[in-house]
Amino acid sequence: MASRLFLRACALSTQQLKHNAAIRPLQRAFAAAKGIPSDEEQATGLERRTLQSLKRGKDPYSILKPQTYAGTKDDPHIVPSIGNKRIVGCVCEEDNTAIVWFWVHEGEMQRCPSCGSHYKLVHHELPH
């Protein structure tokens, strides 16, 4: 008789524990339905905006490797700027230790006074 009472009490308490959210162990809700979420589904804030921009083919925070340019008149070095002028440093040769500094203004292309490489200032909007 005592064993029956004990079994019923045990069964009743386990049923109550299953319905009590504070006591039952935490479960991963996404594991049952869809599996592990991807980076795009899980990202929030700045990371989410960055992933969405990269998906569209843009690089708003300059996290990708910059493009290389020949520095000629047809293919000048692009200098992004939020203003209408920017100071640029040119290391004219590979083994050169001195940097030649000069201003690049919006509109026309400027040349490095030492080596003659062409630079062009392009207006760049910040992604705020």
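According to my numbering, the sequence shown holds residues 75 to 202 in order.
For each residue, glycine too, the CB sits at the ideal point set by N, CA and C.
{"query": "Do you know offhand how far Y135's Cα is from T124's?", "result": "8 angstroms"}
{"query": "Tell me the residue span of the beta strand (DSSP E) that contains K194.", "result": "192–197"}
{"query": "Would you identify the three-state DSSP class for G119, choosing helix, strand or coil?", "result": "helix"}
{"query": "Can you give me the Cβ contacts of E180 inside the same chain, cut-off strictly under 6 angstroms, excluding the 5 residues immediately before and after it?", "result": "N158, L195"}
{"query": "Tell me whether the beta-carbon of S155 lies closer than 9 angstroms to the beta-carbon of V178.", "result": "yes"}
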